[in-house]
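As structure tokens, the structure follows; a few thoughts come after it.
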Amino acid sequence: MANKQQRPWYLVPYYLWIVLFVIAPIALVVYFSFQDLSGNFTLDNYANFFSSTYFRMTLSSFWYAFLITLITLFIAYPTAYWLTKTKHKELWLLLIIIPSWINLLLKAYAFIGIFGLYGPANQLIQFFGASPLQILFTDFSFVFVSVYIFIPFMVLPIFNALDKINPALIDASRDLGASQWTTFRRVIFPLAVNGVKSGVQVVFIPALSLFVITRLIAGNKVITLGTAIEQQFLVTQNWGMGSTIAVFLILFMIIIMLLTGQKERGGALNGKTK
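Numbered according to full-length UniProt numbering, the sequence shown terminates at residue 274, and the numbering increases by one at each position without gaps.
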């Protein structure tokens with residue numbers, strides 16, 4: 001009984017952290033979203049958000065986030081599956097994760113040099129006899145760099161999910177005459193779907209609010225919700241509109257997290273039952 005009575009005290013730091021660094025910042029964002037440039041209460045910010053300009057910006061953000069997530073998934077899933085079959089899978093996984101430890105700005109500036117008119121990418125193009133291309137400040141460069149940055153975050157959860165699948169289930173499927181495609185579709189993918197959902201969360205949500213890559217790699221030709229928030233706070237100094245966009249961004253993130261919620265599957269455990 002003493003332990004049960006004392007246990008809530010151990011949760012005090014957790015609750016303080018949630019209040020100070022989660023609830024309080026969100027409350028401030030909501031508070032500022034109801035203010036105009038003069039600090040007066042207004043609902044115009046929310047009305048403006050549903051205008052054609054911000055609606056197109058929101059659709060553009062979702063499109064780029066979807067595209068980045070889809071390409072990342074198509075690359076990460078077979079990579080993660082291959083890793084589970086290799087002998088030194090932990091080493092290979094570490095090599096994939098290491099680039100994520102490098103600062104985002106350093107990677108962005110590295111790609112500026114790679115995609116520049118005199119960079120290695122254009123030198124390779126010229127080697128094959130073609131004229132230099134304007135690769136930097138394009139949609140292609142933005143999506144390419146974003147996919148490169150997010151691949152480790154998609155590979156890791158999918159790898160963990162695939163690695164936990166009981167091999168006996170795959171063997172049983174093949175013994176019963178199922179083809180490799182049927183085994184993948186009916187056994188492997190359903191048991192590893194939680195890893196896919198986790199990967200979609202950690203890629204789609206940050207991709208929805210990118211702003212550093214849009215500035216350095218896309219040259220502000222790609223406008224996302226994150227870019228719009230940055231411009232409202234730092235350029236136009238309209239904290240009310242910036243906070244309003246942030247409120248909707250938070251709502252979008254919550255919806256995405258609810259849609260990609262996970263359910264545990266007992267068959268994914270290596271020889272264990274629930």
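Beta carbons are placed, not taken as given, at the ideal position from N, Cα and C, and that holds for glycine.
The structure presented is a predicted model; accordingly, all values stated were derived computationally and were not measured.
Per DSSP, the bridge partner or partners of residue i
i: Phe49; result: Paired residue(s): none; Phe49 is not in a bridge.
Bounding residues of the alpha helix (DSSP H) (the contiguous stretch that carries residue i)
i: Pro206; result: 193 to 208
i: Thr86; result: Looking at the DSSP string, Thr86 is not in any alpha helix (DSSP H), and its letter there is neither H nor E.
i: Ile213; result: 212 to 216
Reduced DSSP category for residue i - H, G, I as helix; E, B as strand; rest coil
i: Phe34; result: coil
i: Phe137; result: coil
i: Phe41; result: strand
i: Thr260; result: coil
i: Leu16; result: helix
i: Leu251; result: helix
i: Ile223; result: coil
i: Thr236; result: coil
i: Leu11; result: coil
i: Leu269; result: Per-residue confidence for Leu269 stands at a pLDDT of 46, beneath the threshold of 50, marking its modelled position as unreliable; no derived number is given.
i: Met57; result: helix
i: Ile68; result: helix
Any non-hydrogen atom of the ligand HEM closer than 7 Å to residue i Cβ
i: Leu162; result: Of ligands this structure carries none, so the ligand HEM is not represented either.
Mind listing, in chain order, the continuous alpha helix (DSSP H) runs of no fewer than 4 residues lying wholly within the stretch 158 to 191? 167 to 175, 180 to 183
Does the contact criterion of 3 or more C-beta pairs under 8 Å hold for the stretch 129 to 142 versus the stretch 98 to 115? Contact check between the stretch 129 to 142 and the stretch 98 to 115: three or more CB pairs, one atom from each, fall below 8 Å, which counts as touching.
Indicate whether the contact test is met: 3 or more Cβ pairs, each with one atom in the stretch 96 to 110 and one in the stretch 221 to 235, closer than 8 Å. Result no; under three Cβ-Cβ pairs closer than 8 Å.
With three or more beta-carbon pairs closer than 8 Å as the criterion, would you say the stretch 57 to 69 touches the stretch 138 to 149? yes
Count the C-beta pairs between the stretch 32 to 49 and the stretch 238 to 245 that are closer than 8 Å, then say yes if the count reaches three, no if not. Result yes; three or more Cβ-Cβ pairs closer than 8 Å.
Report the residue ranges of all alpha helix (DSSP H) runs contained in full by the stretch 101 to 140; include only those spanning at least 4 residues, in chain order. 104 to 115, 120 to 127
Do the stretch 175 to 182 and the stretch 255 to 262 meet, that is, are 3 or more Cβ pairs less than 8 Å apart? Result no; under three Cβ-Cβ pairs closer than 8 Å.
Pairing CB atoms from the stretch 123 to 130 with CB atoms from the stretch 39 to 53, are three or more of them under 8 Å? Result no; under three Cβ-Cβ pairs closer than 8 Å.
Is the stretch 183 to 196 in contact with the stretch 153 to 170, if contact means three or more CB pairs nearer than 8 Å? yes
Looking at C-beta atoms only, is the number of pairs between the stretch 53 to 66 and the stretch 208 to 222 that lie closer than 8 Å three or more? yes
Okay, do the stretch 6 to 20 and the stretch 216 to 229 touch, 3+ Cβ pairs below 8 Å being the bar? no
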